[in-house]
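First residue of the sequence shown? That's 3 in our numbering, and the numbers climb one at a time after it. Positions of the beta carbon are idealized from the N, C-alpha and C atoms, including for glycine.
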Amino acid sequence: MQVVDIPPGQYLVFRCSGPLPGAVIEGWRAVWAFFERPDALRRAYTVDFEAYREPERVEIWIAVRETV
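Structure representation (structure tokens):
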């Protein structure tokens, strides 16, 4: 097992479910569509990662800038 340190911060989580890899592909499409909106939070571009929770359930974590 490998361990990766994730820096603290604010993350927006997109949940995906369904057969892989299609669910993850659709999840990333949702991420891109969300951040194209003019009123969307701003990405931090530090760390983004996928967490595979179950055989057909994945979370996509996107670092966002701290809100004031």
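On the premise that V33 lies in contact with I8, defined as a C-beta separation below 8 Å, what is that separation, rounded to the nearest angstrom? Not confirmed; about 17 Å, so no contact.
Excluding the five sequence neighbours on either side, which residues of its own chain have a C-beta within less than 7 Å of the C-beta of R44, listed in chain order? V66 and R67
I need the boundaries of the beta strand (DSSP E) containing R39, first residue and last residue. First-last for R39: undefined, no H or E at that position.
Under the three-state DSSP convention, the category E52 falls into: strand
Taking 8 Å as the threshold (C-beta atoms), are A25 and V60 in contact? yes
Where do the N-terminal and C-terminal ends of the beta strand (DSSP E) with Q12 fall, by residue? Q12 to S19
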